[in-house]
Amino acid sequence: MSSDNKFTIATSPHIHHKDTTSRIMLDVIIALIPAGIWSIYVFGMRSFVVIGVSIIAAVLCEYIMIRVMKRGSICDLSAVLTGILIGYNLPTDVPLYVAVAASAFAILLIKWAFGGLGANIMNPALAGRCFVLFSWTGAMTTWKAPSTNIAIDTLGGASPLGYLKTSLADLSESVSGPIAILADYPKSESSIAMSEWVSSSFGPAIDPHYFDLFFGHVSGSLGEVSAFLLLIGAAYLFARRVITWEIPMSYVVSFGILIWIFDGLRFGNGFFTGDVAFHVLSGGLILGAFFMATDMVTSPLTPKGQIIFGIGCGFLTFLIRVYGSLPEGVSLAIIIMNLFVALLDRATAPKIFGFVPKEGVKKK
Amino acid sequence: MKSLKTFSKGGIHPGDCKELTNKEAVKNAAIKSTLIVPMSQHIGAPSECLVNPGDEVKEGMLIGKAAGFISANIHSPAPGVVKEVTDIFLASGAKSKAVVIEPSGEFDQLGKIVTPIDWTGMSIKELQDKILESGIVGLGGAAFPSNVKFTIPSDAKIESLVINGVECEPYLTADHRLMLEKTEEIFKGLEILSKILSPEKIYIGIEANKPDAIEKMEKLALEKGTGIEIVPLKLKYPQGDEKQLLKAVIDKEVPSGKLPLHIGAVVTNVGTVFAIYEAIVFGKPLIERIVTVSGKGIKKPSNLKVRIGTKVGDLIEDCGGLTDDAVSIVMGGPMMGFSMVSLDTPVTKGTSGILALTQKEICKGKETACLMCGRCVKACPIGLMPTRLYKKIAYRMYEEAMRMNLMDCKECGCCGYVCPANVPLVQGFRLGKKMANKQKVKS
Chain E
59 MSSDNKFTIA TSPHIHHKDT TSRIMLDVII ALIPAGIWSI YVFGMRSFVV IGVSIIAAVL
119 CEYIMIRVMK RGSICDLSAV LTGILIGYNL PTDVPLYVAV AASAFAILLI KWAFGGLGAN
179 IMNPALAGRC FVLFSWTGAM TTWKAPSTNI AIDTLGGASP LGYLKTSLAD LSESVSGPIA
239 ILADYPKSES SIAMSEWVSS SFGPAIDPHY FDLFFGHVSG SLGEVSAFLL LIGAAYLFAR
299 RVITWEIPMS YVVSFGILIW IFDGLRFGNG FFTGDVAFHV LSGGLILGAF FMATDMVTSP
359 LTPKGQIIFG IGCGFLTFLI RVYGSLPEGV SLAIIIMNLF VALLDRATAP KIFGFVPKEG
419 VKKK
Chain X
3 MKSLKTFSKG GIHPGDCKEL TNKEAVKNAA IKSTLIVPMS QHIGAPSECL VNPGDEVKEG
63 MLIGKAAGFI SANIHSPAPG VVKEVTDIFL ASGAKSKAVV IEPSGEFDQL GKIVTPIDWT
123 GMSIKELQDK ILESGIVGLG GAAFPSNVKF TIPSDAKIES LVINGVECEP YLTADHRLML
183 EKTEEIFKGL EILSKILSPE KIYIGIEANK PDAIEKMEKL ALEKGTGIEI VPLKLKYPQG
243 DEKQLLKAVI DKEVPSGKLP LHIGAVVTNV GTVFAIYEAI VFGKPLIERI VTVSGKGIKK
303 PSNLKVRIGT KVGDLIEDCG GLTDDAVSIV MGGPMMGFSM VSLDTPVTKG TSGILALTQK
363 EICKGKETAC LMCGRCVKAC PIGLMPTRLY KKIAYRMYEE AMRMNLMDCK ECGCCGYVCP
423 ANVPLVQGFR LGKKMANKQK VKS
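Top line first, the protein sequences correspond to chains E and X.
So the first sequence is numbered by my numbering: it starts at 59 and just counts up by one.
So the second sequence is numbered by my numbering: it starts at 3 and just counts up by one.
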C-alpha cells in the first residue's frame, strides 16, 4: 500500500457548519455593544471603567484556572462575555472591588469549581451579581441618575422599580398604576418631546415615562436600561441564529400575562389591570430574557424544555417583583430556574423515531 | 406554491454544492491498467473467490460467488488476466480479499449492440434469480444485496414501493444525472420491479433541488399513465435514509429496529432500478456504476460511468487531477463517506462519489468543551440527545448509553455537522456501539 500521507484522515461527517464556540461568544458580545455605549453616554466614563474592570478580572481568573486545570482557552471568549455581563449588571458608582469580587466569584466558584466551560449549573454572571448584591447591598442599590434626565436632583438615585416598591409600602389610597406613582420621577426632555409628538400626530397620549424606559433614560444597572438597544442586539442574535425564540418569548409572555392579571391588585385595582408595558421595559427583564436566560450552558437542550424554563423564569420574576421584598427579581429567577435544567432535559427528552413501547405496555 | 413534503424530526440543511456537477453529463471513465475487485463490496458475507492468479477472465464473467444468503455475486469488470489475489484495505478501513485484473483482449459487451430480452414471459422466481445472478446490490451506498430485499415473505403485502431519487448527500449528482439521462430505462426497470413485488402504489421521491429531473420524470409518468407518483421533497438531510424517506413520502414511521417491510413498504434507489433493468433486459451483470467526482479540490468535477475496481487515483486523474489545496479525499458523500488513506483504493458497487475537499469546505474548527447549545438535539432525525449520549460514552457508561437508544443512531452526521464546539460526536457513537457490543451490554 502506497503511503499518501498528505491527506487528512477523519471520520464522517467531513463537512461542518461554520459556527464555532468563539464565534457564538463573539456574536453575543457584538450584540451587547450598543447597550454598553449607551451606558457610557448616560452614566459617564465611570461605566466604561466598571465594565473594563469586570472583564479584566474575569479574564484573569479564567487564565489562572486554565493554567491550573491545564485545559480550556481564553480564545473561546466565554470569560470576556461573562465579564461584560457582570459589568452590565452593576450600578455605575459601585466600588471597583465589588466588580472584581463578582467576576472572581463567577469564574472561580460558579464556572470552574463545576468543571469550566459548559459544565457550570448556574449562569456565572448572574450568580456573581447575586453574590455581590447580598454582600454589598448598599453599594449595589445606589443608582446614578442618567445625565439626560431633567430635574436630576429631586429624585435621582432610585431605579423606577425601587422607587415603586418604597412608594407602595406607604400607599394609602388606590392609584391607577405604576406610572401614576412615578409622576414625580424625573423625565428626559427627548421623551417629553416624543410623547407630545405622538399624541399630536397619532392621537394616543403615551406617558413620557414609557419612552424613558424604552430608550433608557432611567436609573439602573449599566447595561439594562435601554430596552431599545438591547432589542436591536437581540435581533442580531436572532438573525445569526445564536438564540432561538423559545426562551425569550415564553419568559416575556408568561411574565406579561401574570403582571396583567395580578399586578393591578397592588394598586387597589381589580384583576386584569396590570401595566404590562411598564414591567416588561423596566429593570433587567429584557437583558435577562434575551441575553442571560438564553445562555446555552445553563438552559435546557430541548425546545420543549426551553419553553417550560422560560415560563418558570417569568413566574419567578413576577413573584419576586410583585410579592417579594426586593424591587427586582430577574437574576434570582434565572439562577433558580438554572437549577432545574438537568431535570427539564430529562423530562423533555424527545421521542425516538419509530418508538416501540416496551412489552406489557399496550399500544394505542 | 404548495408546501413540499419532508420528514418531521430533526435534519439539517448543509449547502448542497451540487452545482459543481449537476450539469455534467455522464461520461465513460477510461479503463486503466489495473482493476482491483474486492470480494467484499456489499453488506453480508464476502463472496467466494473463483479465480486464481494467471487465469484469463472475460468481461462480465463470474469471479466471486455469493457465499450464504446475504451475499452477492461479483463479476469481472473487464476482460484480462488475473495478476494476483491479495488482501487490500477498503475505504472503510476494513480488510478484504481482492482480485487484481490486468485488462487485455476484447470486450464482449462494451460498444456492442445487444438485443433486448423479452422478460414479460419470465416468472417472478426467474426474475429474482436473474437479479441474484447479476450481483445487484443497493447502489445508494449501503450495498445491500437486492435479491434479498426483493424476496418477500409469502404472507407480506407490499403497499408501497418507494423509489429513492433523493440524493440528499451534498455534492453527489450521480442519481440526478441518471434520472435525467435514463428516464425511460428507469420506468422500464420499475415495470420489472412492479411484477416482482406487485405493490399497490409506486412513489418516486426526489428532492426539490433537481427540478429538471422532477419535471422529466413527471412528464413520463403522465405519458405512461402507470399511476406512478413523483413526490417532490423539500430539501433536508438525511432524507435519503429509507426511514426518513418513508416518513416524508407516505408519512409512516418504521418501528425502531424493524425493516420497512414491517409497514408494508420497500425502498430502493433509482440507480438500483436502472441496474436491474440492464441485468434483466440486456443480461448485464453489475460491473459499472455512475460515480460523481467532485469537490473544490478536483480540477474538473464530473459524473463518470466507472468500471468496478477502478482506482480512485485513476478517476481523479480523469478529472484533471487534484488542486493544490485539496486536503482530504472522501469516498461516498461528505456526511457519511470515508476519508481515504490511499489513492489506490478501488471503486466498489456502493461508491456513489469521490470527493476531494479543501480546508475551506471541511470548515472544522477547534474542539472546545460542549456548550450545551442543544443544536445536536434539534438536528438529530432519530430524536436522540447526542450531547448527553456522548458524555455517557466518554465516561464509559455503555449500559446507560444503550438505555438512551445508542443503537438507533445511524451515524448520519447531523449532530457532528452542526456542533459549534466540534465535539467528535459520531466518532464517539461508533466507539460506543463497538464497546457495547464487545461487552455484550443489553439495552
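Beta carbons are placed, not taken as given, at the ideal position from N, Cα and C, and that holds for glycine.
Since the model is a prediction, treat every value here as computed from it, not as a measurement.
So that I know if they touch, is there some Cβ in chain X lying closer than 8 Å to that of residue i?
i	result
LYS362 of chain E	no
VAL152 of chain E	no
PRO182 of chain E	no
LYS128 of chain E	no
MET395 of chain E	no
THR352 of chain E	no
LEU359 of chain E	yes
VAL419 of chain E	In this prediction, VAL419 of chain E has a pLDDT of 47, which is less than 50 and means its spatial position is unreliable; nothing more can be read from the coordinates.
PRO71 of chain E	yes
ALA407 of chain E	yes
THR66 of chain E	yes
ASP85 of chain E	no
ILE132 of chain E	no
Leaving out the 5 sequence neighbours to the left and right, which residues in its chain are closer than 8 Å to residue i when beta-carbon positions are compared?
i	result
PRO266 of chain E	LYS245, SER246, SER249, ILE250, MET252, SER253
VAL117 of chain E	ILE132, ALA137, VAL138, GLY141
With a threshold of 6 Å on Cβ separation, who are the neighbours of residue i within its own chain once the five nearest residues in sequence on each side are excluded?
i	result
GLY297 of chain X	LEU357, ALA358, LEU359
LYS202 of chain E	PHE101, THR150, ASP151
SER389 of chain E	LEU184, ARG187, CYS188
SER308 of chain E	ILE365, GLY368, ILE369
VAL379 of chain X	MET387
THR375 of chain E	PHE313, GLY387, VAL388, ALA391
ILE282 of chain X	TRP121, LYS132, ILE194
LEU288 of chain E	ALA93, ILE344, LEU345
Leaving aside the five residues before and after residue i along the sequence, list all residues of the same chain whose C-beta is less than 7 Å from its C-beta, in chain order.
i	result
ALA263 of chain E	SER257
GLY323 of chain X	LYS301
ILE38 of chain X	ILE90, ALA100, VAL102, GLY311, LYS313, PRO348
ILE319 of chain E	PHE329, PHE330, GLY332
Which of the three DSSP states, helix, strand or coil, is assigned to residue i?
i	result
PHE398 of chain E	coil
PHE91 of chain X	strand
HIS267 of chain E	helix
PHE411 of chain E	coil
THR66 of chain E	coil
ARG398 of chain X	coil
PHE431 of chain X	helix
HIS264 of chain X	helix
PHE163 of chain E	helix
LYS7 of chain X	strand
ARG299 of chain E	coil
HIS77 of chain X	strand
CYS378 of chain X	helix
ASN407 of chain X	coil
If we define contact as Cβ-Cβ less than 8 Å, is residue i a contact residue for chain E?
i	result
ASP410 of chain X	yes
ILE356 of chain X	no
MET338 of chain X	yes
LYS458 of chain X	Coverage of chain X is limited to positions 3 through 445, which leaves residue 458 of chain X absent and any answer about it impossible.
PRO262 of chain X	no
VAL295 of chain X	no
CYS170 of chain X	no
Taking its Cβ as the centre, do 16 or more other Cβ atoms sit within 10 Å of residue i, making it buried, or is it exposed?
i	result
ALA238 of chain E	exposed
ASP320 of chain X	buried
LYS351 of chain X	buried
GLN241 of chain X	buried
THR23 of chain X	buried
TRP303 of chain E	exposed
MET127 of chain E	exposed
GLU386 of chain E	buried
ARG404 of chain E	exposed
ILE290 of chain E	exposed
TRP255 of chain E	exposed
ASN30 of chain X	exposed
Enumerated in chain order, which unbroken segments of the beta strand (DSSP E) with a length of 3 residues or greater are wholly contained in the stretch 199-260 of chain E? Within the stretch 199-260 of chain E, no complete beta strand (DSSP E) run reaches 3 residues.
Please go through the stretch 330-403 of chain E and give each complete alpha helix (DSSP H) segment of 4 or more residues, from N-terminal end onward. Runs of the alpha helix (DSSP H) lying entirely within the stretch 330-403 of chain E and spanning at least 4 residues, in chain order: 334-339, 361-376, 388-396.
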